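Each residue of the sequence shown is one higher than the last, beginning at 1 in the UniProt record's numbering. Just so you know, even glycine gets a beta-carbon here, dropped at the ideal spot from N, CA and C. These numbers were taken from a predicted model, which means no experiment stands behind them.
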Amino acid sequence: MTTLTPPVVIPEQGRRIAFVGKGGTGKSTIIAHMLKHWNAAGIPASAMDADEPGDEEKGSLLEWSDEADLGGPVYPAPNRSKVRDQLVKYTPEGGLLAVDTGAWNRKAGNMHFAVLSGVDLAVLTLPPTRMEMNRAGSVLAAIDHLEEVGAHFPRLVICLTLTNASAKAADTTYRDLTGGGFTVLKTRIPRVDKEDGYGQSYGLEPQLVAGSPMDLLAVELAKEAAA
């Protein structure tokens with residue numbers, strides 16, 4: 001069950017969304033749930049897996065899609081030089097393509113820049129700590145670099161992840177980021193490590209729960225992509 005009804009109308013050519021951030025901030029988990037929610041709501045959605053999990057991370061989004069029904073196809077990323085063409089190829093007509101990236105690396109010329117130059121929206125997954133806030137500036141600098149060299153560049157929004165409802169850190173981070181000119185999504189993805197929580201959902205079919213954080217994020221991101 002999803003609250004994305006009727007579905008947000010996505011332009012005919014579709015929209016592409018890249019999820020960026022350090023490893024372990026929930027990129028793959030969010031994308032898996034978004035695929036399930038968007039497709040269930042009638043928005044065609046697929047994904048590209050451009051992530052290479054580190055030693056302390058669980059398997060890739062592509063492996064997850066082999067183990068459970070995510071609602072839409074997940075494609076492997078091609079060679080960096082072919083990324084932009086494949087992004088267009090994998091984008092469903094009137095739908096959304098979500099791109100999973102590896103741990104953020106601001107080095108020019110890497111896979112992140114290839115992905116960012118070919119998407120419409122970049123979502124920075126950010127735990128609400130002061131140290132992690134520095135990464136917001138790094139991602140913005142990368143997007144500024146693309147603009148400076150005349151390349152295509154996406155809009156940037158920030159999604160607070162691994163949040164604790166009983167702590168004030170998320171509210172403080174939200175105020176600091178919005179005060180600095182960043183666009184921060186209203187929906188926050190909590191850190192839930194119990195057996196049925198997001199932190200333990202890898203390899204399982206994402207559940208459609210109306211009004212849940214993932215459900216609300218699916219609505220918010222669809223609207224952002226369609227804007």
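inquiry  = Check whether the stretch 206–222 and the stretch 182–190 are in contact - that is, three or more C-beta pairs closer than 8 Å.
reply    = yes
query = CB-CB under 6 Å to leucine 162, same chain, minus the five flanking residues each way: which ones, in chain order?
reply = In the sequence shown, residue 162 corresponds to position 162, counting from 1. Cβ within range, chain order: Pro127 and Arg191.
query = With a CB to CB cut of under 6 Å and the five nearest residues on each side skipped, what residues in its chain are close to alanine 114?
reply = Start at 1 with the first residue of the sequence shown, and residue 114 comes out as number 114. Cβ within range, chain order: Arg80 and Val83.
key: Backbone CA spacing between proline 73 and alanine 210 [nearest angstrom]   = Mapped onto the sequence shown, residue 73 falls at position 73. Mapped onto the sequence shown, residue 210 falls at position 210. Answer to the nearest angstrom: the Cα atoms are 23 Å apart.
Cβ neighbour criterion (16 or more within 10 Å) applied to residue 241 = This structure cannot speak to residue 241, because the chain is shown only from 1 to 227.
key: Distance between aspartate 176 and serine 117 (C-alpha atoms, nearest Å)   = Taking the first residue of the sequence shown as 1, we reach residue 117 at position 117. Taking the first residue of the sequence shown as 1, we reach residue 176 at position 176. Using only the alpha carbons, I get a separation of about 27 Å.
task = Just the C-alpha distance for leucine 96 and glutamine 86, rounded to the nearest angstrom, thanks.
result = As a first step, residue 96 must be located in the sequence shown, where it is residue number 96. As a first step, residue 86 must be located in the sequence shown, where it is residue number 86. If you take the alpha carbons of leucine 96 and glutamine 86, they lie about 14 Å apart.
task = Flag this pair as touching only if the stretch 14–29 and the stretch 89–103 have three or more C-beta atom pairs under 8 Å; answer yes or no.
result = yes
ask   = Around the C-beta of asparagine 134, are 16 or more other C-beta atoms found within 10 angstroms, so that it is buried, or is it exposed?
value = Residue 134 sits at position 134 when you count from the first residue of the sequence shown. The residue in question, asparagine 134, is exposed, as its Cβ has fewer than 16 Cβ neighbours within 10 Å.
inquiry  = Here's the rule I'm using: 16 or more other beta-carbon atoms within 10 Å means buried, otherwise exposed. How should glutamate 56 be labelled?
reply    = Sequence index remark: in the sequence shown, residue 56 carries index 56 (1-based). For glutamate 56, the predicted structure reports a pLDDT of 45, less than 50, and the residue's modelled location is therefore unreliable. A value from the coordinates is still provided. Looking at its Cβ environment, which holds fewer than 16 other Cβ atoms inside 10 Å, glutamate 56 is exposed.
request  = Provide the residue span of the beta strand (DSSP E) that contains aspartate 100, from first to last.
outcome  = Position 100 of the sequence shown, counted from the first residue, corresponds to residue 100. 96–101 is the extent of the beta strand (DSSP E) around aspartate 100.
task = Just confirm the distance between the C-beta atoms of histidine 112 and alanine 141, as a whole number of angstroms; I'd bet it's less than 8 Å.
result = Along the sequence shown, one-based indexing puts residue 112 at 112. Along the sequence shown, one-based indexing puts residue 141 at 141. Incorrect: roughly 12 Å between the Cβ atoms, too far for contact.
inquiry  = To the nearest angstrom, how far is the alpha carbon of proline 53 from that of isoleucine 10?
reply    = Here residue 53 refers to the residue found at position 53 when the sequence shown is read from its first residue. Here residue 10 refers to the residue found at position 10 when the sequence shown is read from its first residue. The predicted model places proline 53 with a pLDDT of 48, which falls under 50 and marks its position as unreliable, so this point remains unresolved.
message = Once DSSP output is grouped into helix, strand and coil, what is the label at leucine 87?
response = Within the sequence shown, residue 87 is the residue found at index 87, counting from 1. Three-state DSSP puts leucine 87 in a helix.
ask   = Who are the near neighbours of glutamate 178 in its chain, counting only those whose CB is closer than 8 Å to its CB and skipping five residues on each side?
value = For the purposes of this step, residue 178 is taken as residue 178 along the sequence shown, with counting starting at 1. The sequence as given places threonine at residue 178; glutamate does not occur at that position. Result list for threonine 178: Val184, in chain order.
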